[in-house]
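Presented below is the structure to which this report refers.
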Amino acid sequence: MVVGGDAGSMSAASQARRRLGREDLSIIAFERGPYTSFSACGIPYFVGGVVRPFQSLIARTPEQFRSAYDIDARTGHEVLDIDLDRRSVHVRSDAGQAWEGFDYLVIGTGAVPVRLDLPGADARGIFGVQTLPDGLAVDRYIGEFAPQRAVVVGGGYIGLEMAEAFKQRGLSVALIERSEQPMGTLDPDMGALVADAMRALDIEVLTNEAVAGFETTGGRVAGVVTKERTLRAEIVAFGIGVRPNTDLASAAGLVVGESGAIAVDRRMRTAAEGVYSAGDCAEKWHRVARRPVAIALGTHANKEGRIAGINVSGGYATFPGVIGTAVSKICGAEVARTGLNESEAKRAGFDALGVTVDSTTRAGYFPGARPIKVKVVAERGSGALLGAQIVGEEGAAKRIDVLATAVWNEMSVDELINVDLSYAPPFSPLWDPVLAAARRAWQAVEQGR
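Position in the sequence shown (from 1) plus 221 gives the number in this note's numbering.
Dropping the structure here:
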């Protein structure tokens, strides 16, 4: 039995079914919403009108799970309680409430948007965007009320992507971020480049500013109030981030770890016999920081679900951890990161240094060459590669995969310098920006020895 109908839980269900037929394993999936296996990452692009119709964001429907996989996927079914002693879950649907027993349970309740408990925060027109129904609600609101002014509160991935989406729909947009720069997973010097890219599209970016409340008119949002100003707002999206949705697991007595997510071992097992967890609600082991973390990424969720599904179906598999590799496109800027940024590295106990290089995505003389900035974070003394960040234009961001591979394999910057990357003028300078950044970091390490 799985709780939740998206990446982690349904990957677990699908993997278990690949290993065992219906006669050996009956699989039921409970999803409180109307959709299964949808792309949350695609929601801002749907809101912005880039991706249509919304059904294109759905990988598999409940009907497909039933017909092709013999998985009984039940939407509109909310699990209210988990009774570990009775080995059953309490489920509510339109048909009523009932207890359903299980032998094995996978909890994949995902994450929920962080919302501010401030005056006016319950007004209509204020949205947290995490699920497909959230995206559909934003789209309907724009269609019904034709707002002209949008404000995004918070500069996380979803917040930045929603700011661009609103701009694509023709709205005037402002973004409020309480920190020095948007995108806190980057160092401030790299986040400043993202802010510049947004301002270039006439998005107002206000940093070092916190929201104090919301003005309303007739129950609908009309303004966002900070200590410095009041911004007119006819629609608001929270982009502060998400938190693991652990309420159900915590109420059942399962251990919630220091990261705020459900504690699991490398086989995705919780402390309760036969109970697993995968996805945004589950802890991950960070291979560089060497501690449990909560990182909400679909890439992690699908891999964790696969591991849980193998173990539930009698196999043996372990999840090796994460390094937080992520990529996004924001207002023409391609943005990527992996491993630890400078502040994260220092909090993890490393004596870290950061260096940046400016380069181009192709040979500088070749038509179409675009700017790219690469930042590398390394450990003083050892030269161990701890993390990297990239901000650039077309052709920049996917270079992060080379750096992620190096971080994953615990390479040093001097080892990375000599990796045999390809070269031709249409694709990179002679010294690829990745190698140039590694060389700059190696020089900084050598100078400090």
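Quick reminder that beta carbons are idealized off the backbone N, C-alpha and C, glycines included.
Please name the residue, chosen from the options, that lies closest to residue i on a Cα-to-Cα basis.
{"i": "D293", "options": "T257, G542, E614 and E525", "result": "T257"}
{"i": "D291", "options": "E299, S247 and V271", "result": "S247"}
{"i": "G182", "options": "E565, G356 and S230", "result": "Residue 182 lies beyond the stretch modelled for the chain, which goes from 222 to 670, so this question has no answer here."}
{"i": "G613", "options": "D579, M632, Y644 and E636", "result": "D579"}
{"i": "W663", "options": "V623, A617 and L607", "result": "L607"}
{"i": "M489", "options": "V327, G616, Q276 and G269", "result": "V327"}
{"i": "A316", "options": "T296, F366, S534 and S633", "result": "T296"}
{"i": "D343", "options": "R420, Q369, V442 and P403", "result": "V442"}
{"i": "M222", "options": "F323, V271, F267 and A319", "result": "F323"}
{"i": "T282", "options": "E299, L305 and P255", "result": "P255"}
{"i": "G444", "options": "D501, I531, G376 and P368", "result": "P368"}
{"i": "T467", "options": "F648, L656 and L301", "result": "L301"}
{"i": "S288", "options": "S235, G263, V272 and R273", "result": "S235"}
{"i": "P646", "options": "A617, A584 and I621", "result": "A584"}
{"i": "A617", "options": "L624, N639 and T581", "result": "T581"}
{"i": "L656", "options": "E667, S633, Q668 and V446", "result": "S633"}
{"i": "A625", "options": "Y644, V595 and F366", "result": "V595"}
{"i": "D635", "options": "V623, S643, R620 and R660", "result": "R660"}
{"i": "T491", "options": "W506, A470 and G269", "result": "A470"}
{"i": "V394", "options": "E667, P654, G376 and A472", "result": "G376"}
{"i": "F540", "options": "P654, A547 and R487", "result": "R487"}
{"i": "S643", "options": "R308, L339, T447 and R620", "result": "R620"}
At the level of alpha carbons, what is the spacing between residue i and residue j?
{"i": "R345", "j": "G439", "result": "9 Å"}
{"i": "E698", "j": "R238", "result": "Since the first residue of the chain shown is 222 and the last is 670, residue 698 is not available in this structure."}
{"i": "T437", "j": "R253", "result": "30 Å"}
{"i": "D360", "j": "D245", "result": "43 Å"}
{"i": "A573", "j": "G589", "result": "35 Å"}
{"i": "A493", "j": "G542", "result": "21 Å"}
{"i": "A522", "j": "G329", "result": "9 Å"}
{"i": "V335", "j": "P650", "result": "42 Å"}
{"i": "S224", "j": "R508", "result": "Sequence inspection shows Val at residue 224; the Ser mentioned does not correspond to that position. Between V224 and R508, the C-alpha separation is close to 28 Å."}
{"i": "Q318", "j": "V312", "result": "6 Å"}
{"i": "L637", "j": "G602", "result": "16 Å"}
{"i": "G364", "j": "I379", "result": "21 Å"}
{"i": "I483", "j": "G229", "result": "13 Å"}
{"i": "S277", "j": "G535", "result": "34 Å"}
{"i": "G669", "j": "E600", "result": "11 Å"}
{"i": "D304", "j": "Y497", "result": "14 Å"}
{"i": "P403", "j": "A413", "result": "7 Å"}
{"i": "G519", "j": "D306", "result": "32 Å"}
{"i": "K550", "j": "R450", "result": "29 Å"}
{"i": "E398", "j": "L339", "result": "16 Å"}
With respect to 6 Å, is the separation between the Cβ of residue i and the closest non-hydrogen atom of the ligand HEM below this value?
{"i": "N630", "result": "This structure simply doesn't include the ligand HEM, nor any ligand for that matter."}
Cβ atoms of residue j and residue i: under 7 Å apart, would you say?
{"i": "A384", "j": "V374", "result": "no"}
{"i": "R558", "j": "T406", "result": "yes"}
{"i": "V426", "j": "L396", "result": "yes"}
{"i": "I528", "j": "A538", "result": "yes"}
{"i": "A605", "j": "V597", "result": "no"}
{"i": "C265", "j": "E455", "result": "Correcting the residue type first, residue 265 is Pro in the shown sequence and not Cys. Against a cut-off of 7 Å, the Cβ pair of E455 and P265 comes out as no contact."}
{"i": "G226", "j": "A250", "result": "yes"}
{"i": "L422", "j": "K388", "result": "yes"}
{"i": "A205", "j": "P513", "result": "No answer is possible for residue 205: it lies beyond the span of the chain, which begins at 222 and ends at 670."}
{"i": "G478", "j": "E504", "result": "yes"}
{"i": "A280", "j": "G526", "result": "no"}
{"i": "G392", "j": "A371", "result": "One detail in the question is off: residue 392 reads as Leu in this sequence, not Gly. Closer than 7 Å, so yes."}
{"i": "R591", "j": "E563", "result": "no"}
{"i": "A517", "j": "F348", "result": "no"}
{"i": "G553", "j": "V628", "result": "no"}
{"i": "G341", "j": "G434", "result": "yes"}
{"i": "A569", "j": "A510", "result": "yes"}
{"i": "F275", "j": "F267", "result": "yes"}
{"i": "V576", "j": "A665", "result": "yes"}
{"i": "A386", "j": "G269", "result": "yes"}
{"i": "Y362", "j": "V533", "result": "no"}
Provide the residue(s) that pair with residue i in DSSP beta bridges, ordered along the chain.
{"i": "T559", "result": "A609"}
{"i": "S393", "result": "R370"}
{"i": "L339", "result": "DSSP lists no partner for L339."}
{"i": "R345", "result": "R441"}
{"i": "P513", "result": "W506"}
{"i": "V333", "result": "R464"}
{"i": "I551", "result": "A554"}
{"i": "V224", "result": "F251 and I328"}
{"i": "S260", "result": "Bridge partners of S260: none, in fact."}
{"i": "D579", "result": "K594"}
{"i": "A573", "result": "E600"}
Taking CB distances under 7 Å as the criterion, tell me whether residue i reaches chain D.
{"i": "G439", "result": "Absence of chain D from the displayed structure is noted, only one protein chain being present."}
Practice task
Ignoring anything shorter than 4 residues or poking outside the segment 591 to 661, list the alpha helix (DSSP H) runs there in chain order.
Solution key: Along the length of the segment 591 to 661, whole alpha helix (DSSP H) runs at least 4 residues long occupy 621 to 629 and 634 to 638, reported in chain order.
Handout entry: Unbroken stretches of the beta strand (DSSP E), 3 residues or longer, contained in the segment 401 to 465
Key = Listed in chain order, the complete beta strand (DSSP E) runs (minimum 3 residues) inside the segment 401 to 465 are 425 to 427, 432 to 438, 441 to 447, 451 to 453, 456 to 459 and 463 to 465.
Problem - Ordered list of alpha helix (DSSP H) runs contained in the segment 274 to 325, each at least 4 residues - result: For the segment 274 to 325, whole alpha helix (DSSP H) runs of length 4 or above, ordered along the chain, are 283 to 290.
Problem - Contiguous alpha helix (DSSP H) assignments of at least 4 residues, all confined to the segment 463 to 511 - result: Listed in chain order, the complete alpha helix (DSSP H) runs (minimum 4 residues) inside the segment 463 to 511 are 468 to 472.
Handout entry: Continuous beta strand (DSSP E) assignments of at least 3 residues falling wholly in the segment 521 to 552
Key = DSSP runs (the beta strand (DSSP E)) wholly in the segment 521 to 552: 547 to 551.
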